[in-house]
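Student: Structure in structure tokens, see below.
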Amino acid sequence: MGASESVPTGSQNPEDGITTVSERTQGVDPILQRLESLQISKPILTTAPAEGTLTDILVPRSVSSSTSGVVNPNVLLELFSMYRDWQEEKAQKISKKQEEIENKIEVVDALAVKLLQRFNYSASSMKTTSNHLSEVHALQVELGELKGRLTEVISNCDALCKRISSEGPESLQSSVKPLTAVVASTTNQLKEQ
């Protein structure tokens, strides 16, 4: 339909109707540009003068090789030069596109190498982290065991201190305090500082 387009208005109205939308193209059509740039060329072959009279039409002349048709060398040279120019232009376009493609391939290749390096670094970091995390569980178990032993030692030490202060020799009773009292006083001193 050219620059206008007709569209049925379907769901907007229950009644049937046609809406025409006109669009104006911003640029010039390249095919139209090429058609306008065409020029009438000179004929390649030159022919004998046209038959202009009734006698010329009714009485055929003998056709000799000199009057049959001669190639105009200037026109032929112009055609060959136009063809050469066209061929060179196409070759330049192809080489330019080839260079652009090669540049894009180089960029993509460099990005792929960087991406691979980052992936390898991430994979090694994840592997190292995984190894560290697998060791954490064993450390937690070991820390729990040490905490239990330390609690037991503190409990035994506290019981021994209480026993010395209650049943021990008099020289030691005044100097020995229960471990829980020592820990509490140390904690208070640390808070004051």
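When the letters of the sequence shown are read in order and numbered with UniProt numbering, they come out as residues 1 to 193. Glycine included, every Cβ here is placed at the ideal spot set by N, Cα and C.
1. Measure the C-alpha to C-alpha separation of residue 40 and residue 85 and round it to an integer number of angstroms.
2. Roughly how many whole angstroms lie between the Cα atoms of residue 104 and residue 143?
3. What's the C-alpha gap between residue 147 and residue 130?
4. Excluding the five sequence neighbours on either side, which residues of its own chain have a C-beta within less than 6 Å of the C-beta of residue 145, listed in chain order?
5. Please say whether residue 166 and residue 176 have beta carbons closer to each other than 8 Å?
6. Using C-beta distances below 8 Å, list every residue in its chain close to residue 192, excluding the 5 sequence neighbours before and after it, in chain order.
7. Rounded to the nearest angstrom, what separates residue 136 and residue 156 at their Cα positions?
Tutor: Taking the structure as given:
1. 19 Å
2. 57 Å
3. Going by the C-alpha atoms only, they are around 26 Å apart.
4. none
5. no
6. none
7. In a straight line, the C-alpha of residue 136 is about 30 Å away from that of residue 156.
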